[in-house]
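J.:
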Amino acid sequence: MITTKKFYYLATVVALLSLLWPATLAAQEELVCETEVTVQADDWLSKIAEKEYGDVLLYPALAAATNAQAAADSSFTAIDNPDVIEPGWKICVPSLAQAQALAGSGPPGGASPADLTATELRNATYSGIYEAPVTLTDGLYEGEPFVEGAASRPVVEYISEIYGDLDGDGLADAAVFLVENSGGTGNFVYVAAQLNQNGQPVDAGAVWLEDRIQIKSATIADGQIMLEIITEGPGDAACCKSHKAQVAYALQDGQLVQVSSQAGDLE
């Protein structure tokens, strides 16, 4: 079985969040640091989020909570860029519920009977990864071994999701991030579309992103899934990517496809 620890620090969902943090903080109960973490030399916020919550997509909440503490406590350093933290900084780790609220996890506007839920998405059917669709059970699909009695087998694991309208019907659909591994060293990340039809997820396909990709931000706007990723440049190894790209995905004939890509060197 694979876990998110193998993803080389899969990062995500900044997507205008810095503009929304003040309003989010004002709208909820007093923020409390359940624990404090001191940044180590090899830490990223996404790595800390995975360790503390088991969900790399909650890393913007750590930045928001730390910035809230820094406003009143000089022992915290304000985080201007969630992608850049320095050894020795203190990170405020709020409760899981507060972290999810800060990071905007879950359907926008609060859950209702017509909203898709993470539980439904973790048990949904996904096509576009293998020749036949696979159905997850509590976020995991494990196929039969490639060779009887061997350990290697097809595995698909659910990572997280973001919400937004993909098909123009005014309902919040979901973009789901999955990782596939068939027993080798590669961890192949996919983005999948699940459409909201009367509150039930309907598969609209998955698209392969890359092996061991770093997702810096993810959002849904104007019917498109917009990703900022760190990708391979000429001569790069899978471990050491040197280019960034803005990639967009949208529905065409009811299936998710890539519609644009723009790449450049890391600054």
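Throughout, the working numbering is defined as the position within the sequence shown, counted from one, plus 792.
The C-beta atom is built at its ideal place from N, Cα and C for all residues, glycine as well.
Predicted, not measured: the structure shown is a model, and the values here were computed from it.
Rank Q890, A857, G846, Q892 by C-alpha distance to the C-alpha of K882 and give the top, closest one.
T.: Here residue 882 is taken as the residue at index 90 of the sequence shown, counted from 1. For the residues Q890, A857, G846, Q892, the minimum Cα distance to K882 belongs to A857.
J.: Applying the 10 Å Cβ sphere with the 16-neighbour rule, what's the burial state of N757?
T.: This structure leaves residue 757 out entirely; the chain is present only between 793 and 1059.
J.: Figure out for me which residue from I871, Y851, A1010, K1036 has the closest Cα to the Cα of Y982.
T.: As a first step, residue 982 is located in the sequence shown; it is residue number 190 there, counting from the start. When each option's Cα is compared against that of Y982, the closest is A1010.
J.: For E826, is the classification buried or exposed, using 16 other Cβ atoms within 10 angstroms of its Cβ as the cut-off for buried?
T.: For the purposes of this step, residue 826 is taken as the residue at position 34 of the sequence shown. With fewer than 16 other Cβ atoms within 10 Å, it is exposed.
J.: What's the call for G941, buried or exposed, on a 16-neighbour Cβ count within 10 Å?
T.: Counting from one through the sequence shown, the residue named residue 941 turns up at place 149. When all chains shown are included, G941 counts as exposed.
J.: Would you list the residues sitting across from E934 in a DSSP beta bridge?
T.: As a first step, residue 934 must be located in the sequence shown, where it is residue number 142. Bridge partners of E934: V947.
J.: At 3 residues or longer, and completely inside the segment 955 to 1039: list those beta strand (DSSP E) runs for me, N to C.
T.: Entirely contained in the segment 955 to 1039, the beta strand (DSSP E) runs reaching 3 residues are, in chain order, 965 to 973, 980 to 989, 992 to 1003, 1006 to 1013, 1016 to 1023.
J.: Helix, strand or coil for T869? Go by DSSP, reduced to three states.
T.: Indexing the sequence shown from 1 puts residue 869 at position 77. Three-state DSSP puts T869 in coil, outside helix and strand.
J.: Could you tell me the boundaries of the beta strand (DSSP E) in which E828 lies?
T.: Here residue 828 corresponds to residue number 36 of the sequence shown, with the count starting at 1. Looking at the DSSP string, the run of the beta strand (DSSP E) that includes E828 is 827 to 830.
J.: Going straight from the alpha carbon of V876 to that of V831, what length do you get?
T.: For the purposes of this step, residue 876 is taken as the residue at position 84 of the sequence shown. For the purposes of this step, residue 831 is taken as the residue at position 39 of the sequence shown. If you take the alpha carbons of V876 and V831, they lie about 11 Å apart.
J.: Identify, in the order they occur along the chain, each residue of the same chain with its Cβ nearer than 7 Å to the Cβ of A841, setting aside the five sequence neighbours on each side.
T.: Looking up residue 841 in the sequence shown gives position 49. Closer than 7 Å at the Cβ level, and outside the excluded window around A841, lie D847, V848, L850, Y851, L854.
J.: Q992 to A1013, Cα distance in whole Å?
T.: For the purposes of this step, residue 992 is taken as the residue at position 200 of the sequence shown. For the purposes of this step, residue 1013 is taken as the residue at position 221 of the sequence shown. Straight-line Cα distance between these residues: approximately 21 Å.
J.: Near A891, which residues of its chain fall below 7 Å by C-beta distance, leaving aside the five closest residues on each side in sequence?
T.: Position 99 of the sequence shown holds residue 891. Result list for A891: Y845, L850, A853, in chain order.
J.: On the premise that A967 lies in contact with A985, defined as a C-beta separation below 8 Å, what is that separation, rounded to the nearest angstrom?
T.: Within the sequence shown, residue 985 is the residue found at index 193, counting from 1. Within the sequence shown, residue 967 is the residue found at index 175, counting from 1. That belief holds up - the Cβ atoms of A985 and A967 are roughly 6 Å apart, short of 8 Å.
J.: As a quick exercise: from L928, T911, V824, D907, pick the residue whose alpha carbon is nearest that of T917.
T.: If you number the sequence shown from 1, residue 917 lands on position 125. That would be L928, whose Cα lies nearest to the Cα of T917.
J.: Looking only at its chain, what residues have a beta carbon closer than 7 Å to the beta carbon of D1041, apart from the 5 residues adjacent to it on each side?
T.: Here residue 1041 is taken as the residue at index 249 of the sequence shown, counted from 1. First, the residue type needs correcting, since residue 1041 is Tyr and not Asp in the sequence shown. Only V983, V999, Q1016, I1017, L1048, V1049, Q1050, V1051 meet the Cβ criterion.
J.: Span of the beta strand (DSSP E) holding I1066?
T.: Limits of the chain in this structure are 793 at one end and 1059 at the other, which puts residue 1066 out of reach.
J.: What is the residue span of the alpha helix (DSSP H) that T858 lies within?
T.: Here residue 858 refers to the residue found at position 66 when the sequence shown is read from its first residue. T858 -> alpha helix (DSSP H) spans 851 to 862.
J.: State the Cα-Cα distance for the pair P879 and E923, rounded to the nearest angstrom.
T.: The residue labelled residue 879 in the question sits at position 87 within the sequence shown. The residue labelled residue 923 in the question sits at position 131 within the sequence shown. Each residue's alpha carbon lies about 45 Å from the other.
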